[in-house]
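Undergrad: One structure is given below, represented as C-alpha cells, and several questions about it will come after.
Chains as they are written, first to last, in the numbering used here: chain A, 72 to 465; chain B, 729 to 1163.
See below:
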C-alpha cells in the first residue's frame, strides 16, 4: 500500500492565499497594484479570452470578472434580468452597481454570447468605466481577413488605454509580456500534466484556486506562485484513491460553485481536465515572443492555436473530435457535461459533443448548475453513480 | 361558443400569400428541376445574392414561426429535447431541428429540400452560429459559407468593419455561392436587384411612417410582421416584391387619406385608444389571441423594433445598386439586433416621440437573449427619458409552454388601465377646471 504523505504546509499556505485572491470580489490586490503608480490601469474582462499580453504591455492589469458566484447576495441584479437569463450577468451588474468594480479603468466583453454582448451595452448605458468594449474577435480565421480585423480590434483597445495612461506599446514591451504569459501557460499545462499522473497531489478545487487567483494579480506574481506549486507537486504527497478520471466541459463562462466541484471529487471522480479557466489556457502552445511584429504573433496564435470552445466557429474542426482527443490524451474514463443553466452556447453544443463521445465509446453524464447553486446532493449522487458504473462495467 | 371566423385580408396580403405558395412549390420541386437551395437567416440576409444566382432561399426561423402558428412547434420542440437539447435553449433552433427530425415537412405540407449550401450570415444573434453548426452535422458534407458580421458595439459602423465584411463577401462567401450555383455572379443583375430593393424599401418606409398619423392606419407590429415578410425574406430584390410593396403602399396611403384605422383579423378597428411602441418579437403560437387582446382594447402599435430585424430602413439605410457589395455589408451590420443597447434605447426614444406614443411595452422572449438580455435596463431608461408608462410581459417565440394567456391578459389589462388613467389626468391638466 502506498505511503500517505502529508500535504506540504507551504502548499496549504499558497492555496489559502490563492483562494482569498480568487474570491475577493473587491479585487483588493488588483486595486492595490493599480494605486501604486499613476500610469497603471485596471481593465476588467469577462470570460473567456482576451489577449492579456497586450494589456500587460500597456501597463494595465487584466482582471478576470467571473461573476459573483455564491459569494454575494444578488438583489439589484435580479431586477435587471429575467428569470430565463443565466446567472453570471446578474452578479456582474450587481458588482457594477455596488462598489466592487469602482477603480476599474475599462471593461472588455469578449464575443461569446448575446448575454455578455448586451451586458457590454448595459455597462455603457450605466456609464461604468472610462471605456467599455465588446471585444468582437473574428470568426473568420483567414490571416488577411479575420487576422487583419483582429489586429485592428486590438489596436482600438490599445488606443483606449493609451488615451488614459500615455503608455506606448513597443515591440520590446509586447515581446516581454508575451514571454511572461507563455511562461504562465506553460506552467499551468505542466500542472495539468502532473495532475494527470498524480491527481491526488493537487485537487481540482486547489487547481481552480490557483488558476483563478491568476485572474486578479499581476502575471509576474502569479508566475512565482506557479513555479512554487510546480516544485511542491513534483514531490509525492496525498493518497491515491480508487477514483475514475473525468473531463469537465461546458463551464467556460459562468463558474460552478466550489461546493459542486468538491462534490464531484468526493463522489469518486478525479477531474483531470476542464474548461473552467479556459481563458488562462487559451493559446495552445506558445505565442512567438521574439519577433519584430509581436501583435501579429498574437493574432496568428488566436487564428491557429485557439482551443475548442463554444465561442468559436468550429466547422472544419469540430469540437466533438477535439473533446474526444482531450479525453484520450488525459486517459480519462468519461466526460461530465456541466453547463450553466440558460447557457445557449454550451447547451446547444452538448448534443453534438455527446454524439462524438458516443461514437468514440466515451461515457458521459450531464447536469446544469447556477453559479450560486447551494444543493449538491443530487449532483454528488449522479457523479457517484457515474463513477461506480464505470468502475464496475467499463 | 363563438364560431371561428375567417380572417379579413387586404389585397396585398393575398398577393403575399400567392408569392409564398409559389415559393414553396418551387422549393418542393427544386431538386428535380436542378435548382440549388440555400438555407440562411433573416437578419442580415443576402437574398439578392442568392436570387441573382438563381438559387432558392430557405429561412429556418420562418419555418419555425410557421410551425408555431400552425400549432406544430410543441411536438417538434419535444422531439429536439428528446434528442438532447436542453429545455433552456432557443426554441426556434429546437423547433427547426425537430421539424427536420420529422421529415422536414414545410408549412404548406410539402417536404422542404435539403440544403445545397448553408449560408451562415450571422447578424445580431450568436445562437445562429450554434444553430448552423448543428445543421452542418445534420446534413453531412453540405457546403457552408460563413459571414461574420461585427456588432455595432461603439454605436456606429466603422470602416474596418466594412472592409472585413467586404473581404469575407468577395473572397469567401461569393466564391462559395458561385461554386454551389455552378456559375459566376452576374453583377449587373445583382445591381438591378438592389435597385428594386431600394425602391421597395422606400415604399416600406412610407408604410411604416404612415403610423405617425393620428389615428394610425396600420398596426406596425401585428400587421407589420406580415407587411415586412417579402422584404425581409425570399423576395427582396425581385420585381414581385416591388409589385407587392407598391400595392401595400397604395392601400395604406388610401386608408390614411380616409382616416381609417388598422385592419385586424376581425375587420377594421373602430377606435384608437392607445398608441404603443413595442420592443421584442411577438409570440407565434398564440399570435391571433395575443393580437386580439390589443385591438379589443383599442391599442394600436405605432412602431416596433421587431419590424426592424431585417433592416432599419426608416433610419435611412437603402441598398445601393452602385456599390452592391459594400451596401450588402452595411445592410448586415445595420439590422436592429446588431445595434448596441444605447443605440436601441435611442431608437426607441425617437419612436416614442415621433409616433406620439402613449406607452412603451416590452414583450420579452424567453428564447431570444439577443433581444431580451438588457431589456429591463432599457425599460428603465425609456421611463426616465420619456416619462411614459412602460409595460413588461413575457412569452416565447414558438414554445406554447411559455405563453400564459391569462397572465398576459391580466398584465395588459392593468397596463391599459394605467394608460387610460394617465390620459384622463393629462387631459385634466390640459383643461383645468375653472375655480
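No residue lacks a Cβ here, since even glycine has one placed at the ideal position from N, Cα and C.
I want to verify the contact list: residues of chain B whose CB lies under 7 Å from the CB of residue 192 (chain A), in sequence order.
TA: Here the neighbours are 1068, 1069, 1070 and 1102.
Undergrad: Taking Cβ positions, are residue 128 (chain A) and residue 245 (chain A) nearer each other than 8 Å?
TA: Yes, these two residues count as a Cβ contact at 8 Å.
Undergrad: When you compare the CB of residue 204 (chain A) with every CB in chain B, is at least one pair closer than 8 Å?
TA: Judged by the 8 Å Cβ criterion, residue 204 (chain A) is in contact with chain B.
Undergrad: Run through DSSP, which three-state label would residue 202 (chain A) get?
TA: Strand at residue 202 (chain A).
Undergrad: Residue 869 (chain B) lies in the alpha helix (DSSP H); which residues open and close that run?
TA: Taken as a continuous stretch (DSSP letters only), residue 869 (chain B) belongs to no alpha helix (DSSP H), as it is neither H nor E.
Undergrad: In whole angstroms, give me the CA-to-CA distance for residue 785 (chain B) and residue 232 (chain A).
TA: Whole-angstrom Cα-Cα distance: 45 Å.
Undergrad: Closest to residue 1119 (chain B) by CA distance: which of B:844, B:1147 and B:1065 is it?
TA: Comparing Cα-Cα distances from residue 1119 (chain B) to each of B:844, B:1147 and B:1065, the minimum goes to B:1147.
Undergrad: Within 10 angstroms of its Cβ, does residue 189 (chain A) collect 16 or more other Cβ (buried), or is it exposed?
TA: Buried: at least 16 other Cβ atoms inside 10 Å.
Undergrad: May I ask you to verify whether the segment 789-804 of chain B touches the segment 879-890 of chain B, counting CB pairs closer than 8 Å and requiring at least 3?
TA: Short answer: they don't touch.
Undergrad: Apart from the five residues on each side of it in sequence, which residues of its chain come closer than 8 Å, Cβ to Cβ, to residue 72 (chain A)?
TA: With a pLDDT of 43 at residue 72 (chain A), under the threshold of 50, the modelled position of this residue cannot be trusted; read the value that follows with caution. No residues qualify anywhere along the chain.
Undergrad: By the 7 Å beta-carbon criterion, what residues does the segment 406-437 of chain A contribute toward chain B?
TA: Cβ contacts with chain B: 412, 413, 415, 416, 418, 419, 420, 421, 422, 423 and 425.
Undergrad: Does DSSP put residue 1163 (chain B) in a helix, a strand or coil?
TA: Low per-residue confidence applies at residue 1163 (chain B): pLDDT is 42, beneath 50, and the placement is therefore not dependable, though the value from the model is reported in the following sentence. Correct three-state label for residue 1163 (chain B): coil.
Undergrad: Within 8 Å of any Cβ in chain B, is that where the Cβ of residue 73 (chain A) sits?
TA: Bear in mind that the predicted position of residue 73 (chain A) carries a pLDDT of just 47, short of 50, making it unreliable; the figure below should be weighed with that in mind. Taking Cβ atoms only, chain B never reaches closer than 8 Å to residue 73 (chain A), which makes this a no.
Undergrad: Anything in chain A within Cβ reach of residue 855 (chain B), meaning under 9 Å, just list it in chain order.
TA: What residue 855 (chain B) touches in chain A: 184, 185, 415, 416 and 419.
Undergrad: Helix or strand or just coil, what does DSSP make of residue 435 (chain A)?
TA: Correct three-state label for residue 435 (chain A): strand.
Undergrad: Residue 302 (chain A) by DSSP, collapsed to three states: which one?
TA: Helix.
Undergrad: Measuring straight from C-alpha to C-alpha, what distance separates residue 865 (chain B) and residue 878 (chain B)?
TA: C-alpha separation (whole angstroms): 25 Å.
Undergrad: Whole angstroms are fine: how far does the CA of residue 179 (chain A) sit from the CA of residue 455 (chain A)?
TA: Roughly 39 Å separates the two Cα atoms.
Undergrad: Could you give the C-beta distance for residue 121 (chain A) and residue 323 (chain A), rounded to a whole number, given that I count them as a contact under 8 Å?
TA: Rounded, the Cβ-Cβ distance is 14 Å, inconsistent with contact.
Undergrad: Could you give the first and the last residue of the continuous beta strand (DSSP E) run that contains residue 479 (chain A)?
TA: Since the first residue shown for chain A is 72 and the last is 465, residue 479 (chain A) is missing from the structure and cannot be characterised.
Undergrad: Comparing the C-beta of residue 397 (chain A) with each C-beta of chain B, is any distance below 8 Å?
TA: False, the Cβ-Cβ gap to chain B never drops below 8 Å.
Undergrad: Helix, strand or coil, according to DSSP, for residue 880 (chain B) in the structure here?
TA: Here residue 880 (chain B) sits in strand by DSSP.
Undergrad: Residues of chain A with CB under 8 Å from residue 865 (chain B), in chain order?
TA: The answer, in chain order, is 389, 423 and 426.
Undergrad: Check the Cβ of residue 225 (chain A) against every Cβ in chain B and list those closer than 9 Å, keeping chain order.
TA: Correct list: empty, because the minimum Cβ distance to chain B is about 11 Å.
Undergrad: By the 10 Å Cβ neighbour count, where 16 or more other Cβ atoms means buried, how is residue 446 (chain A) classified, buried or exposed?
TA: By the 10 Å Cβ count, residue 446 (chain A) comes out exposed.
Undergrad: Can you pull out the residues from the segment 318-332 of chain A whose beta carbon lies closer than 7 Å to at least one beta carbon of chain B?
TA: Taking 7 Å as the Cβ-Cβ cut-off against chain B, none of the residues of the segment 318-332 of chain A qualify.
Undergrad: Where does residue 80 (chain A) fall in DSSP's three states?
TA: Three-state result, residue 80 (chain A): helix.
Undergrad: Going along the chain, which residues of the segment 117-151 of chain A sit with their C-beta nearer than 8 Å to a C-beta in chain B?
TA: Those residues of the segment 117-151 of chain A that come within reach of chain B (Cβ to Cβ, closer than 8 Å) are 150 and 151.
Undergrad: From the beta carbon of residue 924 (chain B), is the nearest beta carbon of chain A less than 8 Å away?
TA: False, the Cβ-Cβ gap to chain A never drops below 8 Å.
Undergrad: To the nearest angstrom, how far is it from the Cα of residue 248 (chain A) to the Cα of residue 238 (chain A)?
TA: For residue 248 (chain A) and residue 238 (chain A), the distance between alpha carbons rounds to 14 Å.
Undergrad: Which residues of the segment 801-815 of chain B have a Cβ closer than 7 Å to any Cβ of chain A? Give them in chain order.
TA: Per Cβ criterion, the list reads 811, 812, 813 and 814.
Undergrad: Which same chain residues, not among the five before or five after residue 1102 (chain B), have their C-beta less than 6 Å away from its C-beta?
TA: So the list reads 1069, once near-sequence residues are dropped.
Undergrad: Does residue 1010 (chain B) have its Cβ less than 8 Å from a Cβ in chain A?
TA: Not one chain A Cβ lies under 8 Å of residue 1010 (chain B).
Undergrad: Measure how close the beta-carbons of residue 1076 (chain B) and residue 1110 (chain B) come, nearest whole angstrom, since I'm counting them as under 8 Å.
TA: Yes, residue 1076 (chain B) and residue 1110 (chain B) are in contact; Cβ-Cβ is about 6 Å, under 8 Å.
Undergrad: In the structure shown, what three-state DSSP assignment does residue 992 (chain B) receive?
TA: In the structure shown, residue 992 (chain B) sits in a strand (DSSP, three-state: E or B).
Undergrad: Quick one, which of B:1006, B:909 and B:971 has its alpha-carbon nearest residue 759 (chain B)'s?
TA: Nearest of B:1006, B:909 and B:971 to residue 759 (chain B), Cα basis: B:909.
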